[in-house]
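Chemist: Mind looking over this structure? Questions follow.
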Amino acid sequence: MKENLLSFEEPRFFKVLLTIFVMVLCTLCFLNSGFAQEFKVQGKVTEADTDSPLPGVNVIVKGSNTGTVTDVDGNYSLSVSGPNSVLVFTFIGFQTQELTAGSQGTIDVKMVTDVRSLDEVVVVGSTISSSKRQLGTTISTVSAKDLQKTGTDNLFGSLQGKIPGAQITQNSGDPAGGMTIRLRGIKSLSGNSDPLYVIDGVVVSNSTTNVSQRAVTSNGVSLGTNRMADINPNDIESISILNGASAGAIYGSRAINGVIVITTKKGQSGKPKLTFSTSYNVNELRKKVPFTTYGKQFGSATLVQHTIANVAASNESILVEGNNSPDRYLATNVVDVTRYDYQDEIFRTAEGTDNYLSLSGGNDKSDYLVSTSFMKNEGIIKNTDFQRYGLKLRLNQKITEWAKLSVGLSYTNSFSNEKPNGNVFYSPINSMTITNNTYIISERDVFGNLKAVDGGRANPLSVIEDFDFTQKVNRTITDVQLKLTPIKGLSIDVLAGLDAYTERGQNYIPPYAYTVNSNLYPNGFAASAVNNSFLANSDINATYEKDFGDFKSISIGGFNYQFNRNDLTSASGEGVSRDIKSVSGASTNLRTVYSLDRFNIYGAFLQQTIGYKNLAFLNLAGRVDGSSKFDKDEATQFYPKISGSVIVSDFGFWESLRPAINTFKIRAALGEAGGFNAIGSYARFNAIEAGQLLNTSTYIPSSTLANRNITPERMRELELGTDLSFINNRLNVGFTYYDQKIADLLVNYVIASSEGGTRKTDNVGEMENKGIEISAGANIISTPDWDLNVNVVYSRNRNKVTELGSPRIQISNDTGAPVFHIEGEAASQFYGTYFAKNDDGSFIYTNGNQYLIERGSATTNVPARDAAGLPVGDAVRKVIGDPNPDYTASFSANLRYKSLSFGFLLDGVQGYDVFNADRRTRQGIGNGEYAEKELKGEIPRGYIYNIYSIEAWRIVDGSFMKLREVSLSYNLPNFIKGLNNFQLSLIGRNLYSWDSYEGYDPETNAGNNSDSFRATDFGNVPIPRTFQIKLTGNF
Amino acid sequence: MKKKIFISLIILWSLTSCHEEYLNPSATTEVQSVSSVEGLISLSNGLQSKYTIGRQSPLYNAIVGSSLSTKQLRVTSSGIGNTDEVQIEAGGNSISTANAVVRNLWEQNNLVKSNSDLVLNNLEVSSDLGVRSGLLGSATIFKALALANLATFWEQAPIEVTGNASFSTRTEVLETALSLLESAQTTVTATPVSTSFYNKAISGVSIPNTLNALIARYALMLGQYDKAISAAAKVDLTVKSEFRFDGTNRNPIFDVAFSTENVVQPRDLNMGLPDDLKPSTSDTRIDFYFKSRTPSTAGNYLGSGFFTANDSSVPVYLPGEMLLIQAEAYARNDDLSNALTFLNRVVTKKPADDVWNLGADLPALGTLTKENLLIEIYRNRCIELFMSGLSLEDSRRFQRTAPTVDNPAGGERTRNFYPYPDNERDNNTNTPANSSI
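Read top to bottom, the protein sequences are chains U and H.
Following our numbering, the numbering of the first sequence begins with 31 at its first residue and continues without gaps.
Following our numbering, the numbering of the second sequence begins with 1078 at its first residue and continues without gaps.
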């Protein structure tokens, strides 16, 4: 038991570090033992299609640590033990080649592009690689060049539309806004469904901690920047995405949500090389929302919510059916007003720049890469921005022929100026939506203060000018790795990784110069919050490879240990002064919060692969995992997996078919993974929360009851797939089917409060995800002058909560969205009231043209009709919308003519529903498009009020297809000697969206990074359209 | 050498076991909290916090629910938001089973009830009998308030805290509250609450007086008039018993509604009474409960009373209630002369003579028939006890015009009892049918 908060909790990290140094010392003793007879091999590596030199190709002597990387001209040279040594040439995106050194001493190699070649080597774990041929599961890869012309500085943004099985959503258009990646749907209803992120072996945090929006209650939402925003895409060499549980034996209990393994750039042997990239971009609002400027209003010029306000019965009013609200008399007389479009005053055309500089070099014993970067991007909401400074170092040093040390250091400093992002009525967009647009919001009183707008709302310009929210992050990610190849076929990797960061948030809402509602902090608000995050992991993996005739055996075993610590301290208060802009000036409602979260996860695994003639492979693996999150009896879990692959096309009988179908691989995998992250570190205890009232201490039992003996969630996944290639490998198709069942699902389910709580957390649920992933790539033209490639990615996932513990669980939130998990449905359904219709589907009207809400039994939700055939009883509910898409799809094409290339990416999400709270609010306030129609008489008077309380009216189809990326690049001629690969690009991002959405953008989430509360539009910042000009090159 | 390295590596790794138990320094556990006197006093303080703080609190919802259902309050902001309060105001079938006022009333009172058991079941932890009296008195008060709220707004409610709890009639629920109060009152009288309890407990609620006041209130509701009279007589009317607030833990009605003239405000100067019973214009209690008799915007009456600042105290009971309980109990016992005497003590009370400065300052009433006496008592309860959360019970007990399913607005109240919230019905098979109105 660790009671002392100050004691150092992570001895293992330093133990491993110490181990590495001891081992390095020992190996140094061998330095003088002399190398075997030296034999030099050199040559040039070129791209087969274009004959242009390929820099950065890995050249390794098979079965050893000896290796080098080609220089900018594609040249390499290295020492081998003799002419029988086999050289292995690998480069992401190209087929791996193995060639015997021979006696001439010169080997020139032409590398063949082949995106989905079976011999492509992919990274499957922190220190483990494998050829695709051997894998029984699908692993998709993204290489550096896919991340270059995306028009975004955000890694997740640059991955949108490129990964089968992934739904990548930009939740907010704020430059520091959240993005989420979901691989094969959500996996947990209690914890997050965020994949595990591993950078160069370091388990890194993608947590979202609210330090800069402390005035917002975190009701159902996860506000703030997800911390992968600190990662610079420019630093990345390649990314492997492990979608399924069975792929992640190396990560075991952490792999339930999939794993994203990132490898950063490293140095190349040869002269020092300077690489730079610089860009300038412009961001703008892609689409305005129709605020009416029609100069009319119902009732009177000062009538708040003129379209729906209750007035006295008179000959200038009509009675309107209120459905779930009381019937009302609404004014029918119209008066003149002047209306303004406030969008012009809160949005701007913003600018940004992204600069990257790296220096790399090395020889056959050591190499280095050091990079620095600066990025600043302004938001389209005035006074918002995000900037990031980075410094990175990678050093590789060969200590002996059989020992190699690698050290990585990175430092990031991120800073953002923010505004409230949705969810509150004082966000820039909500304050605009919820105010009648008949005020000149820039008008000031004699003291220079902005003036009040209607109904106690915040003047949108107060938010823009006076609110001050900032967030600053200092982060270091460090790794030390030792790779040993002591005997032939055996390699041992020892790794220690650290990710430590501090997030500091400052929050300031000055007191308003006018009266506002109490939930807008009339007397101002200030807060200061600090979150310290510390993640340490240590891994030891050993691989032993041996051939037995036609059979090949690869055995891998390892231990992993991971420790996480997060502590958050926050102070907030109200009643602040205009002079003191921190929480020190707060006079009332002072609150301090300290929370500490600590947990560890540890495990060991063994994996055995048996290959037959490089045609068929069988993998068996087992893993034992434990975590401090569970009681000792439940903590240790065993996860088995089995997978296999057969390359049918390499068998002799395929000979005749091979011209038509070049490769045909079948793969299958069945495996289990655990969900240790599904639950808070202390969720198994019945908690009593401490507080204070009138200077006395209070203990309040949590309304969520706990079960001490909960067990980790467990996912069993079956995955079947095939990889095919046709037409001389120029058309590649991959197909995967998966079926995931998550048992012992931890659900924070609703209980009758007469049981002594309102919720209980227990293993009462079960969920499934079934889906298919298809990816296809074709190299349609390939000549020295012309090149055309197209790619299609299609994914569909069907999520279903099969058991829930209670029939429905509401996900409470502040947007009015009726979000429920419902047994038998996909997660996070919109379940609410709807329009009454006849059996033939036609609407039932009252008073001639007014809609009726469906009514019946509130208990069974079965509709009922009275004698006149009208709905009778309580308003009833049903599933009115589903935020889970039917499918996601993308299409990309890249055309090159000589030095000029053009590419685009279409990325779409189809068949999903959005809860559009803002469209309705605009009509109720009377500044929206339907209000205008009602004023003009194009729809009946009372239309808005009549449908206002029918929740189904807020559900809209959010399907979209976006022109995500467009790029036009020109490779400049080498006009100065020594200057290479100068490329000038014009890039566009999110230029156009094909959708029918009555709002800014259907790609939005008021819940931000929340997993359960999705697809709700409530004052969210729209995703900007970006134009970028970029210059890259190297010396 | 290589072997040595490999072996040392394995040894270094297997030195320690990995399973740790990390505990949360920012929260305690149930087992720990009930094992010390300090923990029990903090739990007892937590009951008041749970009962009085926030928009979900029983205090807010009992006042808003009861006063909206009896037309004492109206919902202000004309359209967006406050849907739950709007439904309560409309009454009848407009109140959905997902209504937040209804749900909070049900859930939070059930939680106060179960949380108070944590204190009541562990009293023996305190060896100091005076502290034990304090814990017993305080926890009993909140348990009784919670049970009585359930019995006020619903026809049936569970008494025991358990899974799939069975329901008891509201009479049985009130009887349980009453017997808990009587037993606590006996103990507290025999062993007075000690200063070591008061030193750590929230001040404001006078335990002995409140026990008697609540005995009087619930005995009256149950028709046990002699018990009501004797208990009410024991209450020291010169002592305030109040829920206190400050800038952090705010008076919920002021914070949510009155501070910004939002959500709910008094409907009109009638204070929930029909026109023929509306307060006399000379009644100074109007000036206590309203900001102004003549609002700047016609019809936009603004409330005052016990909800004028973040730190305004809310009385647990009013001295006037004790007098009116005695008046009503005597009247129902057909002792009209005593009834009139107690009624007139309220009618003629000058603000300066009331510990809360609340007084009608009207001339004394002459002899009345029993029926008219009860009407006057009802009228004075509505005025004197405006926004106290008792009006729905009063409206039913005095048999004021009831609403009908077809015309909920037609009665003096818009609903007799609330429907059971979805969360209870969905997870407790014993949930009875909803009251039709």
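The beta carbon of each residue, even a glycine, is placed where N, CA and C say it ideally should be.
This structure is a prediction, so every number in the text was calculated from the model and none was measured.
1) If we define contact as Cβ-Cβ less than 7 Å, is H:K1039 a contact residue for chain U?
2) Could you tell me which of U:L108, U:D79 and U:L272 sits nearest to U:F124, measuring between CA atoms?
3) What are the residues in the segment 1235–1263 of chain H lying within 7 Å of chain U by C-beta distance?
4) Does H:E1162 have its Cβ less than 7 Å from a Cβ in chain U?
5) In chain order, what residues of the same chain lie with their CB nearer than 8 Å to the CB of U:L936, ignoring the 5 residues before and after it?
6) If you scan the segment 1296–1371 of chain H from start to end, which runs of the alpha helix (DSSP H) of 4 or more residues do you find wholly inside it?
7) Where U:K966 and U:G486 are concerned, what is the direct C-alpha to C-alpha distance, given to the nearest angstrom?
8) Quick one: is U:F555 buried, meaning 16 or more other Cβ sit within 10 Å of its Cβ, or exposed?
9) Suppose contacts are defined by Cβ-Cβ distances below 7 Å. Is U:N249 in contact with U:V1051 by that definition?
10) Check the Cβ of U:P837 against every Cβ in chain H and list those closer than 8 Å, keeping chain order.
11) Starting from U:E855, follow its DSSP beta bridges and name the residues at the other end.
12) If you check the beta carbons only, do U:S825 and U:G195 fall under 7 Å apart?
13) Determine the direct distance from the alpha carbon of U:G104 to that of U:E77, and round the result to whole angstroms.
14) Which chain H residues sit within Cβ distance under 7 Å of U:G486?
15) Find the nearest neighbour of U:S270 within the set U:I229, U:I980, U:Q427 and U:I338, judged by alpha-carbon distance.
16) Here's the rule: buried if 16 or more other CB atoms are within 10 angstroms of the residue's CB, otherwise exposed. What is H:N1159?
17) Rounded to whole angstroms, how far is the Cβ of U:V909 from the Cβ of U:V944, which I believe are closer than 8 Å?
18) Output needed for U:S997: all residues of its chain with C-beta closer than 6 Å, excluding positions within five of it in sequence on either side, in chain order.
19) Given a cut-off of 7 Å on the beta-carbon distance, is the pair U:A856 and U:N829 in contact?
20) Please list the segments of the alpha helix (DSSP H) lying wholly inside the segment 332–416 of chain U, counting only runs of 4 or more residues, in order along the chain.
21) At 3 residues or longer, and completely inside the segment 227–261 of chain U: list those beta strand (DSSP E) runs for me, N to C.
22) What residues are listed by DSSP as bridge partners for H:Q1233?
23) Please specify which runs of the beta strand (DSSP E), each continuous and at least 3 residues long, are wholly inside the segment 495–544 of chain U, giving them in chain order.
24) Taking the beta carbon of H:M1243 as the centre, do at least 16 other beta carbons fall within 10 Å, making it buried, or is it exposed?
25) Is any beta-carbon of chain H found at less than 7 Å from that of U:R789?
26) Starting from H:N1500, find everything on chain U with Cβ-Cβ shorter than 9 Å and list it in chain order.
27) Once you ignore the five residues that flank U:K140 on each side, which residues in its own chain have a CB closer than 7 Å to its CB?
28) So, at 6 Å on beta carbons, what are the nonlocal neighbours of H:P1496 in its own chain, with the 5 sequence-adjacent residues on each side left out?
29) Is there at least one Cβ from chain U nearer than 7 Å to H:K1127's Cβ?
30) Where do the N-terminal and C-terminal ends of the alpha helix (DSSP H) with H:W1183 fall, by residue?
31) Nearest CA to the CA of H:R1294: which residue from H:R1327, H:G1488 and H:S1256?
32) Is there a Cβ of chain U sitting closer than 7 Å to that of H:P1536, yes or no?
33) Name the chain H residues that come within less than 8 Å of U:G721, Cβ to Cβ?
34) Which first and last residues belong to the beta strand (DSSP E) in which U:P731 is found?
35) Ordered along the chain, which non-local residues of its own chain (more than five positions away) have a Cβ less than 6 Å from that of U:R697?
36) Compare the beta carbon distance of H:S1134 and H:P1329 with 7 Å and say whether it is the shorter of the two.
Modeler: Looking at the coordinates:
1) This structure cannot settle anything about residue 1039 of chain H, because the visible part of chain H is limited to 1078 through 1514.
2) Nearest option by C-alpha distance: U:D79.
3) Against chain U - using a Cβ distance shorter than 7 Å - the residues of the segment 1235–1263 of chain H are P1235, V1238, T1239, G1240 and A1242.
4) Answer no: the Cβ-Cβ gap between H:E1162 and chain U never drops below 7 Å.
5) G191, S920, F921, S922, M991, K992, L993 and R994.
6) Listed in chain order, they are 1302–1311, 1329–1333 and 1362–1366.
7) Approximately 28 Å between the Cα atoms of the pair.
8) When all chains shown are included, U:F555 counts as buried.
9) Cβ distance not < 7 Å, so U:N249 and U:V1051 don't count as in contact.
10) What U:P837 touches in chain H: D1503.
11) DSSP lists no partner for U:E855.
12) Less than 7 Å divides the Cβ of U:S825 from the Cβ of U:G195.
13) If you draw a straight line from the Cα of U:E77 to the Cα of U:G104, it is about 9 Å long.
14) Residues of chain H passing the Cβ test: T1337 and N1339.
15) Checking every option, the nearest Cα to that of U:S270 belongs to U:I229.
16) Counting every other CB atom within 10 Å of its CB across the protein chains shown gives H:N1159 a total of 16 or more, marking it as buried.
17) Not quite, the Cβ-Cβ distance comes to about 15 Å (not below 8 Å), so this is no contact.
18) K179, G933, S1015 and I1017.
19) It is a contact, given that the beta carbons lie within the stated cut-off.
20) 373–376, all fully within the segment 332–416 of chain U.
21) If we require 3 residues or more, the beta strand (DSSP E) runs fully inside the segment 227–261 of chain U come out as 232–234.
22) Paired residue(s): H:T1246.
23) List check, beta strand (DSSP E) in window: 498–514 and 520–539.
24) Here the sequence assigns Ser to residue 1243 of chain H, which means Met is not the residue at that position. Per the 10 Å Cβ criterion, exposed.
25) The beta carbon of U:R789 does not come within 7 Å of any beta carbon belonging to chain H, so the residue lies off that interface.
26) The contacting residues are V780, I781, A782, S783, T788, S836 and Q840.
27) Hits under 7 Å: T76 and A78.
28) Cβ within range, chain order: T1174 and N1511.
29) So, interface residue.
30) From DSSP, the alpha helix (DSSP H) with H:W1183 extends over A1177 to L1197.
31) Distance from the Cα of H:R1294 is smallest, within the candidate group H:R1327, H:G1488 and H:S1256, for H:S1256.
32) Beyond the ends of chain H as shown, which are 1078 and 1514, falls residue 1536 of chain H; an answer cannot be given.
33) Going along chain H in sequence order, the residues near U:G721 (Cβ under 8 Å) are G1123 and S1126.
34) U:P731 -> beta strand (DSSP E) spans T726 to P731.
35) In its chain, beyond the 5 residues on either side, G166, S675 and G751 have a beta carbon closer than 6 Å to the beta carbon of U:R697.
36) Between H:S1134 and H:P1329, the gap from beta carbon to beta carbon is short of 7 Å.
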